[in-house]
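Peer 1: Dropping the structure in here first, questions after.
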Amino acid sequence: MSIYVLHGEKETAIPLFEQVGWDHGSNPPVEGTGYDMILQWGREELSGEGNSPFVLNDAKAINNLSSGRWRSLLPLHGLAVGEKGGNYSRKLLVASFQQEILGIYSNVGPAWLAEGINRRRLREFRYDEESRWVKRVTVTAVRSLYAMGLDFGSVLLGKDGKEWRILSISPRLPSLPTLFQRLKENVVKLREELLLPRGKGEIVLGADPEFILQDSSGRFLLASRFFPQRGEVGCDRIWLRGDRTKRRLPIAEIRPTPSPDPKELAKSIVKLLRKAVRKVSDPRIRFLAGATPLKGYPIGGHIHFSPLPVNHFLVRALDNYLALPLFLLEDPEGFVRRPRYGFLGDVRTKPHGGFEYRTLPSWLISPRIAKGVLILSKLIALHYDRLRQTPLTSPYVQEAFYGGKQEELQEMVLSLWGDLERLPAYPEYEGELERFKEKLLMLRKWNQKEDFRSRWRLPPYERETM
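Count along the sequence shown from 1, add 1405, and you get the number used in my numbering.
Pasting the structure below:
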(Lines of atoms letter the chains of each structure in order from A and count residues from 1; the text may use other names and numbers.)
(Lines give C-alpha, C1' and ligand atoms only; values in the text may rest on other atoms or scores of the structure.)
Protein backbone atom coordinates (compact mmCIF):
# COMPACT_ATOMS: atom_id res chain seq x y z
CA MET A 1 0.00 0.00 0.00
CA SER A 2 1.79 3.16 -1.23
CA ILE A 3 0.66 5.50 1.54
CA TYR A 4 2.92 7.65 3.70
CA VAL A 5 2.00 9.74 6.77
CA LEU A 6 3.98 12.95 7.18
CA HIS A 7 3.84 14.20 10.78
CA GLY A 8 5.62 16.33 13.36
CA GLU A 9 8.52 15.09 15.44
CA LYS A 10 6.47 14.71 18.64
CA GLU A 11 3.42 12.99 17.17
CA THR A 12 1.50 10.88 19.70
CA ALA A 13 -0.48 8.91 17.09
CA ILE A 14 2.58 7.05 15.74
CA PRO A 15 1.54 3.69 17.31
CA LEU A 16 -1.78 3.91 15.46
CA PHE A 17 -0.08 4.65 12.12
CA GLU A 18 1.97 1.51 12.65
CA GLN A 19 -1.08 -0.46 13.75
CA VAL A 20 -2.84 0.19 10.44
CA GLY A 21 0.37 -0.56 8.51
CA TRP A 22 1.31 2.90 7.21
CA ASP A 23 4.85 4.10 6.72
CA HIS A 24 5.45 7.43 8.42
CA GLY A 25 8.04 10.04 9.29
CA SER A 26 8.70 13.68 10.07
CA ASN A 27 10.40 14.28 6.70
CA PRO A 28 8.86 13.96 3.23
CA PRO A 29 9.66 10.62 1.56
CA VAL A 30 12.63 10.45 -0.79
CA GLU A 31 11.87 10.74 -4.50
CA GLY A 32 11.34 7.38 -6.16
CA THR A 33 10.25 5.49 -3.05
CA GLY A 34 6.93 4.66 -4.69
CA TYR A 35 4.39 6.43 -2.49
CA ASP A 36 1.37 7.65 -4.43
CA MET A 37 -0.49 9.23 -1.51
CA ILE A 38 0.71 11.34 1.41
CA LEU A 39 -1.34 12.20 4.50
CA GLN A 40 -0.10 15.32 6.27
CA TRP A 41 -0.98 14.95 9.93
CA GLY A 42 -1.31 17.92 12.26
CA ARG A 43 -0.56 21.62 11.98
CA GLU A 44 3.13 21.59 11.07
CA GLU A 45 2.57 22.78 7.46
CA LEU A 46 5.07 20.22 6.21
CA SER A 47 5.54 19.92 2.49
CA GLY A 48 4.83 16.85 0.43
CA GLU A 49 3.34 18.15 -2.79
CA GLY A 50 6.43 17.51 -4.89
CA ASN A 51 6.72 13.84 -3.99
CA SER A 52 3.22 12.55 -4.60
CA PRO A 53 0.36 13.16 -7.00
CA PHE A 54 -2.13 13.10 -4.13
CA VAL A 55 -1.56 14.94 -0.85
CA LEU A 56 -4.27 14.90 1.80
CA ASN A 57 -4.36 18.03 3.99
CA ASP A 58 -1.71 19.94 2.07
CA ALA A 59 0.27 22.85 3.48
CA LYS A 60 -2.04 25.54 2.03
CA ALA A 61 -5.02 24.00 3.80
CA ILE A 62 -3.16 23.65 7.10
CA ASN A 63 -2.14 27.30 6.82
CA ASN A 64 -5.82 28.33 6.74
CA LEU A 65 -6.15 27.11 10.32
CA SER A 66 -3.29 29.23 11.62
CA SER A 67 -3.87 32.45 13.56
CA GLY A 68 -7.60 31.83 13.71
CA ARG A 69 -7.98 32.62 10.00
CA TRP A 70 -10.70 29.99 9.68
CA ARG A 71 -12.98 32.13 11.87
CA SER A 72 -13.18 34.81 9.20
CA LEU A 73 -13.31 32.40 6.26
CA LEU A 74 -16.12 30.07 7.31
CA PRO A 75 -18.80 32.82 7.44
CA LEU A 76 -18.05 33.52 3.75
CA HIS A 77 -19.39 30.00 3.10
CA GLY A 78 -22.49 30.62 5.21
CA LEU A 79 -21.15 28.66 8.19
CA ALA A 80 -21.58 29.97 11.74
CA VAL A 81 -18.63 30.04 14.15
CA GLY A 82 -18.53 30.37 17.93
CA GLU A 83 -16.19 30.44 20.91
CA LYS A 84 -15.23 27.19 22.63
CA GLY A 85 -15.90 28.73 26.02
CA GLY A 86 -19.45 29.78 25.14
CA ASN A 87 -22.62 28.44 26.69
CA TYR A 88 -23.94 25.65 24.46
CA SER A 89 -26.71 23.20 25.17
CA ARG A 90 -24.72 20.44 23.48
CA LYS A 91 -21.26 19.82 22.04
CA LEU A 92 -20.27 17.16 19.52
CA LEU A 93 -17.01 16.26 17.86
CA VAL A 94 -17.37 15.06 14.26
CA ALA A 95 -14.52 13.10 12.67
CA SER A 96 -14.67 13.19 8.87
CA PHE A 97 -12.73 11.98 5.85
CA GLN A 98 -13.67 13.70 2.58
CA GLN A 99 -17.47 13.27 2.28
CA GLU A 100 -17.63 10.43 4.82
CA ILE A 101 -18.38 10.68 8.54
CA LEU A 102 -16.02 8.44 10.51
CA GLY A 103 -17.64 9.04 13.88
CA ILE A 104 -19.52 11.47 16.12
CA TYR A 105 -18.40 11.82 19.73
CA SER A 106 -20.00 13.41 22.76
CA ASN A 107 -18.01 14.94 25.60
CA VAL A 108 -17.76 13.22 28.97
CA GLY A 109 -15.09 15.40 30.56
CA PRO A 110 -15.20 19.12 31.35
CA ALA A 111 -12.49 20.12 28.89
CA TRP A 112 -12.44 20.03 25.12
CA LEU A 113 -9.35 20.54 23.01
CA ALA A 114 -9.25 20.33 19.24
CA GLU A 115 -5.64 19.17 19.46
CA GLY A 116 -4.51 16.30 21.65
CA ILE A 117 -8.03 15.22 22.58
CA ASN A 118 -8.00 12.84 25.52
CA ARG A 119 -9.64 9.73 24.11
CA ARG A 120 -10.85 8.65 27.55
CA ARG A 121 -13.11 11.68 27.57
CA LEU A 122 -14.75 10.78 24.28
CA ARG A 123 -17.80 8.61 23.96
CA GLU A 124 -18.98 7.59 20.51
CA PHE A 125 -22.43 8.92 19.83
CA ARG A 126 -24.89 6.50 18.21
CA TYR A 127 -27.03 8.38 15.76
CA ASP A 128 -29.70 8.01 13.12
CA GLU A 129 -28.28 9.11 9.76
CA GLU A 130 -31.75 10.09 8.57
CA SER A 131 -32.39 12.43 11.50
CA ARG A 132 -32.69 16.03 10.31
CA TRP A 133 -30.49 17.49 13.04
CA VAL A 134 -27.84 14.81 12.53
CA LYS A 135 -27.74 15.64 8.82
CA ARG A 136 -27.30 19.30 9.71
CA VAL A 137 -24.38 18.48 12.02
CA THR A 138 -22.62 16.17 9.57
CA VAL A 139 -23.11 18.45 6.56
CA THR A 140 -21.74 21.39 8.56
CA ALA A 141 -18.65 19.40 9.55
CA VAL A 142 -17.94 18.19 6.00
CA ARG A 143 -18.49 21.66 4.53
CA SER A 144 -16.22 23.37 7.06
CA LEU A 145 -13.32 20.99 6.39
CA TYR A 146 -13.76 21.31 2.64
CA ALA A 147 -13.94 25.12 2.84
CA MET A 148 -10.52 25.17 4.50
CA GLY A 149 -9.06 22.88 1.83
CA LEU A 150 -8.80 19.92 4.21
CA ASP A 151 -9.44 16.29 3.32
CA PHE A 152 -9.89 14.96 6.83
CA GLY A 153 -10.06 16.24 10.36
CA SER A 154 -12.18 16.85 13.43
CA VAL A 155 -14.77 19.57 13.88
CA LEU A 156 -16.08 20.62 17.27
CA LEU A 157 -19.67 21.88 17.10
CA GLY A 158 -21.79 23.58 19.73
CA LYS A 159 -25.57 23.93 19.68
CA ASP A 160 -26.65 27.53 20.18
CA GLY A 161 -30.44 27.57 20.17
CA LYS A 162 -31.43 26.02 16.84
CA GLU A 163 -28.06 26.71 15.26
CA TRP A 164 -24.92 24.58 15.32
CA ARG A 165 -21.74 26.67 15.53
CA ILE A 166 -18.24 25.59 14.61
CA LEU A 167 -16.05 26.00 17.69
CA SER A 168 -12.78 24.55 16.41
CA ILE A 169 -11.26 22.63 13.51
CA SER A 170 -8.35 20.21 13.72
CA PRO A 171 -6.41 18.63 10.80
CA ARG A 172 -6.14 15.36 12.71
CA LEU A 173 -8.37 12.75 14.33
CA PRO A 174 -8.68 11.57 17.94
CA SER A 175 -6.28 8.71 18.73
CA LEU A 176 -8.88 5.94 18.78
CA PRO A 177 -8.03 2.52 17.26
CA THR A 178 -11.54 2.01 15.84
CA LEU A 179 -11.46 5.44 14.26
CA PHE A 180 -8.08 4.80 12.64
CA GLN A 181 -9.35 1.54 11.19
CA ARG A 182 -12.25 3.42 9.57
CA LEU A 183 -9.80 6.03 8.32
CA LYS A 184 -7.63 3.32 6.77
CA GLU A 185 -10.62 1.76 4.98
CA ASN A 186 -11.61 5.12 3.50
CA VAL A 187 -8.07 6.03 2.47
CA VAL A 188 -7.63 2.69 0.69
CA LYS A 189 -10.98 3.13 -1.05
CA LEU A 190 -10.07 6.66 -2.18
CA ARG A 191 -6.67 5.53 -3.45
CA GLU A 192 -8.28 2.77 -5.51
CA GLU A 193 -10.78 5.24 -6.99
CA LEU A 194 -8.06 7.73 -7.89
CA LEU A 195 -5.93 5.12 -9.65
CA LEU A 196 -8.78 3.66 -11.70
CA PRO A 197 -8.61 4.49 -15.43
CA ARG A 198 -11.46 6.73 -16.59
CA GLY A 199 -12.56 6.10 -20.16
CA LYS A 200 -14.34 8.79 -22.15
CA GLY A 201 -17.38 6.61 -22.76
CA GLU A 202 -17.66 5.45 -19.17
CA ILE A 203 -18.51 8.77 -17.52
CA VAL A 204 -22.09 9.83 -18.19
CA LEU A 205 -23.23 13.44 -17.79
CA GLY A 206 -26.69 14.59 -16.84
CA ALA A 207 -28.16 17.98 -16.00
CA ASP A 208 -31.30 19.70 -14.74
CA PRO A 209 -30.87 23.44 -15.46
CA GLU A 210 -33.66 25.71 -14.22
CA PHE A 211 -35.39 28.79 -15.60
CA ILE A 212 -38.08 31.33 -14.75
CA LEU A 213 -41.04 32.63 -16.79
CA GLN A 214 -42.00 36.31 -16.95
CA ASP A 215 -44.88 38.00 -18.77
CA SER A 216 -44.63 41.14 -20.91
CA SER A 217 -45.52 43.41 -17.98
CA GLY A 218 -42.65 42.07 -15.87
CA ARG A 219 -44.76 39.80 -13.62
CA PHE A 220 -43.42 36.34 -12.93
CA LEU A 221 -45.54 33.36 -13.87
CA LEU A 222 -45.78 30.01 -12.12
CA ALA A 223 -43.99 27.24 -13.97
CA SER A 224 -46.68 24.83 -12.76
CA ARG A 225 -49.19 26.75 -14.87
CA PHE A 226 -47.51 25.33 -17.98
CA PHE A 227 -45.53 22.25 -16.96
CA PRO A 228 -46.15 19.15 -14.83
CA GLN A 229 -43.92 18.60 -11.82
CA ARG A 230 -42.39 15.44 -13.30
CA GLY A 231 -41.18 14.76 -16.81
CA GLU A 232 -38.40 15.93 -19.09
CA VAL A 233 -39.79 19.47 -18.98
CA GLY A 234 -41.11 19.99 -15.48
CA CYS A 235 -40.95 22.00 -12.27
CA ASP A 236 -38.57 22.13 -9.35
CA ARG A 237 -40.10 20.96 -6.06
CA ILE A 238 -39.86 24.41 -4.43
CA TRP A 239 -43.33 25.87 -3.96
CA LEU A 240 -44.44 29.47 -3.65
CA ARG A 241 -44.10 30.83 -0.12
CA GLY A 242 -47.38 30.77 1.74
CA ASP A 243 -48.85 28.13 -0.56
CA ARG A 244 -50.33 25.47 1.72
CA THR A 245 -51.23 23.25 -1.23
CA LYS A 246 -47.55 23.01 -2.26
CA ARG A 247 -48.73 22.91 -5.86
CA ARG A 248 -47.86 26.44 -6.99
CA LEU A 249 -44.34 25.95 -8.31
CA PRO A 250 -42.40 28.98 -9.62
CA ILE A 251 -39.26 27.33 -11.05
CA ALA A 252 -39.16 25.34 -14.30
CA GLU A 253 -36.43 22.86 -15.18
CA ILE A 254 -35.49 20.61 -18.05
CA ARG A 255 -34.19 17.07 -17.58
CA PRO A 256 -32.37 15.90 -20.72
CA THR A 257 -31.42 12.27 -21.24
CA PRO A 258 -27.95 11.67 -19.75
CA SER A 259 -25.14 11.02 -22.23
CA PRO A 260 -21.39 10.34 -22.20
CA ASP A 261 -21.10 12.93 -25.00
CA PRO A 262 -21.50 16.56 -23.82
CA LYS A 263 -22.40 17.66 -27.36
CA GLU A 264 -25.25 15.14 -27.47
CA LEU A 265 -26.41 16.37 -24.07
CA ALA A 266 -26.43 19.92 -25.44
CA LYS A 267 -28.56 18.80 -28.41
CA SER A 268 -31.00 17.15 -26.03
CA ILE A 269 -31.27 20.42 -24.13
CA VAL A 270 -32.17 22.27 -27.34
CA LYS A 271 -34.98 19.79 -28.04
CA LEU A 272 -36.40 20.20 -24.56
CA LEU A 273 -36.21 23.99 -24.72
CA ARG A 274 -38.21 23.87 -27.96
CA LYS A 275 -40.72 21.64 -26.23
CA ALA A 276 -40.95 24.10 -23.33
CA VAL A 277 -41.54 26.99 -25.74
CA ARG A 278 -44.37 25.07 -27.43
CA LYS A 279 -46.01 24.34 -24.08
CA VAL A 280 -45.95 28.01 -23.08
CA SER A 281 -47.25 28.99 -26.56
CA ASP A 282 -47.53 32.74 -25.79
CA PRO A 283 -44.48 34.33 -27.50
CA ARG A 284 -44.66 37.36 -25.19
CA ILE A 285 -43.69 35.26 -22.14
CA ARG A 286 -39.97 35.55 -21.52
CA PHE A 287 -37.59 32.77 -20.46
CA LEU A 288 -34.96 33.83 -17.90
CA ALA A 289 -31.88 32.02 -16.55
CA GLY A 290 -28.84 32.99 -14.45
CA ALA A 291 -28.92 33.01 -10.65
CA THR A 292 -31.72 35.24 -9.35
CA PRO A 293 -34.02 36.49 -12.13
CA LEU A 294 -36.87 36.08 -9.60
CA LYS A 295 -36.01 37.64 -6.25
CA GLY A 296 -36.15 35.14 -3.40
CA TYR A 297 -36.11 32.08 -5.68
CA PRO A 298 -32.51 31.39 -6.77
CA ILE A 299 -32.01 28.95 -9.61
CA GLY A 300 -29.13 26.69 -10.64
CA GLY A 301 -27.66 24.51 -13.33
CA HIS A 302 -26.82 21.24 -11.62
CA ILE A 303 -24.53 18.73 -13.36
CA HIS A 304 -24.81 14.98 -12.71
CA PHE A 305 -21.86 12.58 -13.00
CA SER A 306 -22.17 8.79 -13.08
CA PRO A 307 -20.88 6.22 -12.39
CA LEU A 308 -18.21 8.39 -10.79
CA PRO A 309 -17.58 8.42 -7.02
CA VAL A 310 -17.24 11.87 -5.50
CA ASN A 311 -13.99 12.90 -3.82
CA HIS A 312 -12.44 16.22 -2.82
CA PHE A 313 -9.84 16.20 -5.61
CA LEU A 314 -12.62 16.03 -8.19
CA VAL A 315 -14.84 18.58 -6.44
CA ARG A 316 -11.95 21.04 -6.07
CA ALA A 317 -11.22 20.66 -9.78
CA LEU A 318 -14.87 21.45 -10.57
CA ASP A 319 -14.79 24.49 -8.29
CA ASN A 320 -11.52 25.86 -9.67
CA TYR A 321 -11.76 24.89 -13.35
CA LEU A 322 -15.52 25.22 -13.91
CA ALA A 323 -17.24 27.37 -11.27
CA LEU A 324 -14.45 29.95 -11.19
CA PRO A 325 -14.38 30.55 -14.98
CA LEU A 326 -18.18 30.72 -15.09
CA PHE A 327 -18.07 33.22 -12.21
CA LEU A 328 -16.38 35.73 -14.56
CA LEU A 329 -19.45 35.68 -16.81
CA GLU A 330 -22.16 35.97 -14.16
CA ASP A 331 -24.51 38.93 -13.85
CA PRO A 332 -23.40 40.68 -10.62
CA GLU A 333 -27.05 40.95 -9.57
CA GLY A 334 -27.03 37.18 -9.09
CA PHE A 335 -24.27 37.11 -6.47
CA VAL A 336 -26.84 37.40 -3.67
CA ARG A 337 -27.57 33.70 -4.33
CA ARG A 338 -24.41 32.85 -2.40
CA PRO A 339 -23.53 31.55 0.10
CA ARG A 340 -26.89 30.00 0.93
CA TYR A 341 -27.06 28.53 -2.57
CA GLY A 342 -24.19 27.92 -4.96
CA PHE A 343 -21.48 27.71 -2.32
CA LEU A 344 -18.17 26.09 -3.21
CA GLY A 345 -18.09 22.31 -3.03
CA ASP A 346 -21.87 21.93 -3.08
CA VAL A 347 -22.35 18.27 -4.00
CA ARG A 348 -24.97 15.64 -3.31
CA THR A 349 -24.41 11.90 -3.75
CA LYS A 350 -26.94 9.96 -5.80
CA PRO A 351 -28.21 6.35 -5.69
CA HIS A 352 -26.95 5.72 -9.24
CA GLY A 353 -23.35 5.60 -7.99
CA GLY A 354 -22.49 9.16 -8.91
CA PHE A 355 -23.15 12.65 -7.64
CA GLU A 356 -24.70 16.02 -8.44
CA TYR A 357 -22.58 19.18 -8.58
CA ARG A 358 -24.79 22.06 -7.43
CA THR A 359 -22.54 25.14 -7.25
CA LEU A 360 -23.35 26.63 -10.67
CA PRO A 361 -26.13 29.11 -11.49
CA SER A 362 -28.38 28.29 -14.43
CA TRP A 363 -26.19 28.35 -17.53
CA LEU A 364 -29.11 28.27 -20.00
CA ILE A 365 -28.14 31.87 -20.81
CA SER A 366 -26.80 30.90 -24.25
CA PRO A 367 -25.79 27.79 -26.23
CA ARG A 368 -22.15 28.90 -26.17
CA ILE A 369 -22.12 29.04 -22.38
CA ALA A 370 -24.16 25.85 -22.00
CA LYS A 371 -21.87 23.84 -24.28
CA GLY A 372 -18.81 25.28 -22.57
CA VAL A 373 -20.09 24.22 -19.16
CA LEU A 374 -20.97 20.70 -20.29
CA ILE A 375 -17.69 20.12 -22.13
CA LEU A 376 -15.63 21.45 -19.22
CA SER A 377 -17.56 19.14 -16.90
CA LYS A 378 -16.59 16.18 -19.04
CA LEU A 379 -12.93 17.18 -19.34
CA ILE A 380 -12.61 17.71 -15.60
CA ALA A 381 -14.27 14.38 -14.80
CA LEU A 382 -11.85 12.60 -17.14
CA HIS A 383 -8.64 14.34 -16.08
CA TYR A 384 -9.10 15.91 -12.66
CA ASP A 385 -5.93 14.19 -11.44
CA ARG A 386 -3.98 16.47 -13.82
CA LEU A 387 -5.74 19.67 -12.71
CA ARG A 388 -3.72 20.49 -9.63
CA GLN A 389 -4.12 24.24 -9.12
CA THR A 390 -6.41 25.13 -6.21
CA PRO A 391 -6.48 28.92 -5.95
CA LEU A 392 -9.84 28.73 -4.15
CA THR A 393 -8.02 27.34 -1.11
CA SER A 394 -6.53 30.83 -0.74
CA PRO A 395 -8.39 33.23 1.61
CA TYR A 396 -7.92 36.07 -0.89
CA VAL A 397 -9.56 34.12 -3.73
CA GLN A 398 -12.41 32.91 -1.52
CA GLU A 399 -13.11 36.49 -0.46
CA ALA A 400 -13.03 37.66 -4.08
CA PHE A 401 -15.34 34.84 -5.20
CA TYR A 402 -17.99 35.41 -2.55
CA GLY A 403 -17.50 39.18 -2.80
CA GLY A 404 -18.20 39.22 -6.55
CA LYS A 405 -14.81 40.67 -7.55
CA GLN A 406 -14.72 39.28 -11.07
CA GLU A 407 -12.01 41.51 -12.54
CA GLU A 408 -9.57 40.58 -9.76
CA LEU A 409 -9.78 36.89 -10.65
CA GLN A 410 -9.61 37.08 -14.45
CA GLU A 411 -5.84 36.60 -14.73
CA MET A 412 -5.98 33.65 -12.35
CA VAL A 413 -8.73 32.00 -14.40
CA LEU A 414 -6.70 32.38 -17.59
CA SER A 415 -3.79 30.64 -15.84
CA LEU A 416 -6.13 27.77 -14.96
CA TRP A 417 -7.25 27.64 -18.57
CA GLY A 418 -3.68 26.83 -19.60
CA ASP A 419 -3.96 23.58 -17.63
CA LEU A 420 -7.15 22.72 -19.51
CA GLU A 421 -5.50 23.34 -22.88
CA ARG A 422 -2.84 20.76 -22.04
CA LEU A 423 -5.36 17.98 -21.42
CA PRO A 424 -5.38 15.13 -24.00
CA ALA A 425 -9.09 15.55 -24.72
CA TYR A 426 -8.97 19.35 -25.22
CA PRO A 427 -8.34 19.28 -29.01
CA GLU A 428 -11.56 17.32 -29.59
CA TYR A 429 -13.59 20.22 -28.18
CA GLU A 430 -11.24 23.07 -29.04
CA GLY A 431 -13.72 25.02 -31.17
CA GLU A 432 -16.42 25.21 -28.50
CA LEU A 433 -13.95 25.85 -25.69
CA GLU A 434 -12.11 28.63 -27.53
CA ARG A 435 -15.43 30.42 -28.07
CA PHE A 436 -16.12 30.05 -24.34
CA LYS A 437 -12.62 31.36 -23.57
CA GLU A 438 -13.29 34.45 -25.72
CA LYS A 439 -16.03 35.43 -23.29
CA LEU A 440 -13.60 35.06 -20.38
CA LEU A 441 -11.03 37.26 -22.11
CA MET A 442 -13.63 39.96 -22.70
CA LEU A 443 -15.31 39.56 -19.28
CA ARG A 444 -18.59 39.51 -21.17
CA LYS A 445 -21.09 39.20 -18.31
CA TRP A 446 -24.56 37.95 -19.01
CA ASN A 447 -27.81 39.76 -18.25
CA GLN A 448 -30.15 37.54 -16.23
CA LYS A 449 -33.13 39.73 -17.18
CA GLU A 450 -32.67 38.98 -20.88
CA ASP A 451 -34.91 36.44 -22.62
CA PHE A 452 -32.52 33.59 -23.41
CA ARG A 453 -34.70 32.30 -26.28
CA SER A 454 -33.06 34.89 -28.54
CA ARG A 455 -29.59 33.43 -27.89
CA TRP A 456 -30.83 29.91 -28.60
CA ARG A 457 -32.80 31.19 -31.64
CA LEU A 458 -35.96 29.60 -30.36
CA PRO A 459 -39.44 30.76 -31.43
CA PRO A 460 -40.40 33.55 -31.82
CA TYR A 461 -36.79 34.09 -32.91
CA GLU A 462 -34.93 32.20 -35.64
CA ARG A 463 -35.24 28.45 -35.46
CA GLU A 464 -31.74 27.22 -36.29
CA THR A 465 -29.70 26.83 -33.09
CA MET A 466 -26.72 24.54 -32.67
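Where is the CB? At the ideal position from N, CA and C, for every residue including glycine.
Only a predicted model underlies this, so the values are computations on that prediction, with no experimental measurement involved.
From which residue to which residue does the beta strand (DSSP E) around Met1847 run?
Peer 2: Locating residue 1847 in the sequence shown gives position 442, counting from the first residue. That residue, Met1847, is in no beta strand (DSSP E); its alpha helix (DSSP H) goes 1835 to 1847.
Peer 1: Name the DSSP beta bridge partners of Tyr1762, please?
Peer 2: The residue labelled residue 1762 in the question sits at position 357 within the sequence shown. DSSP output for Tyr1762 lists Ile1708, Val1752 as bridge partner(s).
Peer 1: At the level of alpha carbons, what is the spacing between Ser1673 and Phe1841?
Peer 2: The count along the sequence shown starts at 1 and reaches residue 1673 at position 268. The count along the sequence shown starts at 1 and reaches residue 1841 at position 436. Distance between the alpha carbons of Ser1673 and Phe1841: 20 Å.
Peer 1: Between Ala1681, Gly1558, Tyr1409, which has its C-alpha nearest Phe1631's C-alpha?
Peer 2: Indexing the sequence shown from 1 puts residue 1631 at position 226. For Phe1631, the nearest C-alpha among the options comes from Ala1681.
Peer 1: Leaving out five residues before and five after Ile1785 in sequence, what residues of the same chain have Cβ atoms less than 8 Å from its Cβ?
Peer 2: Start at 1 with the first residue of the sequence shown, and residue 1785 comes out as number 380. Within the same chain, Ile1785 has close Cβ partners Leu1719, Ala1722, Leu1723, Tyr1726, Leu1727, Leu1792.
Peer 1: Looking only at its chain, what residues have a beta carbon closer than 6 Å to the beta carbon of Phe1857, apart from the 5 residues adjacent to it on each side?
Peer 2: Sequence index remark: in the sequence shown, residue 1857 carries index 452 (1-based). Closer than 6 Å at Cβ, skipping near neighbours: Phe1692, Ala1694, Leu1769, Ile1770.
Peer 1: If you follow the beta strand (DSSP E) that Val1425 is in, where does it begin and where does it stop?
Peer 2: Walking along the sequence shown from the start, residue 1425 turns up at place 20. First-last for Val1425: undefined, no H or E at that position.
Peer 1: Measuring from the CB of Glu1813, is there a heavy atom of the ligand COA at a distance below 8 Å?
Peer 2: Ligands are entirely absent from the displayed structure, and the ligand COA is therefore not among its contents.
Peer 1: At 4 residues or longer, and completely inside the region 1663 to 1687: list those alpha helix (DSSP H) runs for me, N to C.
Peer 2: Runs found: 1667 to 1685.
Peer 1: Taking the alpha carbon of Val1544 as the reference point, which residue from Asp1751, Val1818, Thr1650 has its own alpha carbon closest?
Peer 2: Along the sequence shown, one-based indexing puts residue 1544 at 139. It is Asp1751.
Peer 1: Does Asp1724 come out as helix, strand or coil in the three-state DSSP assignment?
Peer 2: Position 319 of the sequence shown, counting from 1, holds the residue named residue 1724. Correct three-state label for Asp1724: helix.
Peer 1: Can you check which of these residues, Leu1733, Lys1496, Leu1787, is closest to Gly1808 by C-alpha distance?
Peer 2: Walking along the sequence shown from the start, residue 1808 turns up at place 403. The candidate whose alpha carbon is nearest that of Gly1808 is Leu1733.
Peer 1: For Leu1600 versus Asp1441, is the C-beta spacing smaller than 9 Å?
Peer 2: Here residue 1600 is taken as the residue at index 195 of the sequence shown, counted from 1. Here residue 1441 is taken as the residue at index 36 of the sequence shown, counted from 1. Yes.
Peer 1: For Tyr1409, which residues from the same chain have a beta carbon less than 6 Å from its beta carbon, with the 5 sequence-adjacent residues on both sides left out?
Peer 2: In the sequence shown, counting from the first residue as 1, residue 1409 sits at position 4. Contacts found: Asp1428, Pro1434, Tyr1440, Ile1443.
Peer 1: Please determine, among Thr1798, Glu1813, His1788, Ser1859, the residue with the shortest C-alpha to C-alpha distance to Asp1824.
Peer 2: Residue numbering aside, residue 1824 sits at position 419 when the sequence shown is read from its first letter. Checked all of Thr1798, Glu1813, His1788, Ser1859; the closest Cα to Asp1824 is His1788.
Peer 1: Quick one: grab the DSSP three-state call for Gln1811.
Peer 2: Position 406 of the sequence shown, counting from 1, holds the residue named residue 1811. Three-state result, Gln1811: helix.
Peer 1: Between which two residues does the alpha helix (DSSP H) holding Asn1591 run?
Peer 2: The count along the sequence shown starts at 1 and reaches residue 1591 at position 186. Looking at the DSSP string, the run of the alpha helix (DSSP H) that includes Asn1591 is 1582 to 1600.
Peer 1: Comparing alpha-carbon positions, which option in Ser1559, Arg1689, Ser1820 lies nearest Ser1621?
Peer 2: Locating residue 1621 in the sequence shown gives position 216, counting from the first residue. Per the Cα distances, Arg1689.
Peer 1: Give me the Cα-Cα distance between Glu1839 and Leu1819, rounded to the nearest whole angstrom.
Peer 2: Here residue 1839 corresponds to residue number 434 of the sequence shown, with the count starting at 1. Here residue 1819 corresponds to residue number 414 of the sequence shown, with the count starting at 1. Distance between the alpha carbons of Glu1839 and Leu1819: 12 Å.
Peer 1: Determine the extent of the alpha helix (DSSP H) in which Arg1476 is found, giving its start and end residues.
Peer 2: The residue you call residue 1476 lines up with position 71 of the sequence shown. Per DSSP, Arg1476 belongs to the alpha helix (DSSP H) from 1475 to 1478.
Peer 1: Output the distance between the C-alpha atoms of Pro1714 and Leu1699, rounded to the nearest integer angstrom.
Peer 2: Counting from 1 along the sequence shown, the entry for residue 1714 is found at position 309. Counting from 1 along the sequence shown, the entry for residue 1699 is found at position 294. Between Pro1714 and Leu1699, the C-alpha separation is close to 34 Å.
Peer 1: In this structure, how does DSSP classify Glu1816 when only helix, strand and coil are distinguished?
Peer 2: Walking along the sequence shown from the start, residue 1816 turns up at place 411. Residue state, collapsed to three classes: helix.
Peer 1: Per the contact definition of three or more C-beta pairs closer than 8 Å, is the region 1608 to 1622 in contact with the region 1649 to 1661?
Peer 2: Yes, the region 1649 to 1661 touches the region 1608 to 1622.
Peer 1: Using CA atoms only, rank isn't needed, just tell me which of Gln1815, Gln1811, Tyr1834, Thr1438 is closest to Lys1776.
Peer 2: Along the sequence shown, read from residue 1 onward, the residue named residue 1776 stands at position 371. Checked all of Gln1815, Gln1811, Tyr1834, Thr1438; the closest Cα to Lys1776 is Tyr1834.
Peer 1: List the whole-angstrom C-beta distance separating Leu1610 from Gln1634, where the pair is believed to meet the contact cut-off of C-beta under 8 Å.
Peer 2: The sequence position of residue 1610 within the sequence shown is 205, counting from 1. The sequence position of residue 1634 within the sequence shown is 229, counting from 1. 24 Å between Cβ atoms; not a contact.
Peer 1: Straight-line CA distance for Leu1421 to Phe1585?
Peer 2: Stepping through the sequence shown from its first residue, residue 1421 is reached at position 16. Stepping through the sequence shown from its first residue, residue 1585 is reached at position 180. About 7 Å.
Peer 1: Under 9 Å, do His1394 and Pro1663 count as touching if we go by C-beta distance?
Peer 2: In the structure as shown, the chain begins at 1406 and stops at 1871. Residue 1394 is therefore absent and cannot be evaluated.
Peer 1: Which of the three DSSP states is assigned to Trp1822 in this structure?
Peer 2: Looking up residue 1822 in the sequence shown gives position 417. Residue state, collapsed to three classes: helix.
Peer 1: According to DSSP, is Gly1508 helix, strand or coil?
Peer 2: In the sequence shown, counting from the first residue as 1, residue 1508 sits at position 103. Three-state result, Gly1508: strand.
Peer 1: Less than 9 Å between the beta carbons of Met1553 and Asn1469, yes or no?
Peer 2: The sequence position of residue 1553 within the sequence shown is 148, counting from 1. The sequence position of residue 1469 within the sequence shown is 64, counting from 1. Yes, the Cβ-Cβ distance between Met1553 and Asn1469 is below 9 Å.
Peer 1: In three-state DSSP terms, what is Arg1646?
Peer 2: The count along the sequence shown starts at 1 and reaches residue 1646 at position 241. Coil at Arg1646, not helix or strand.
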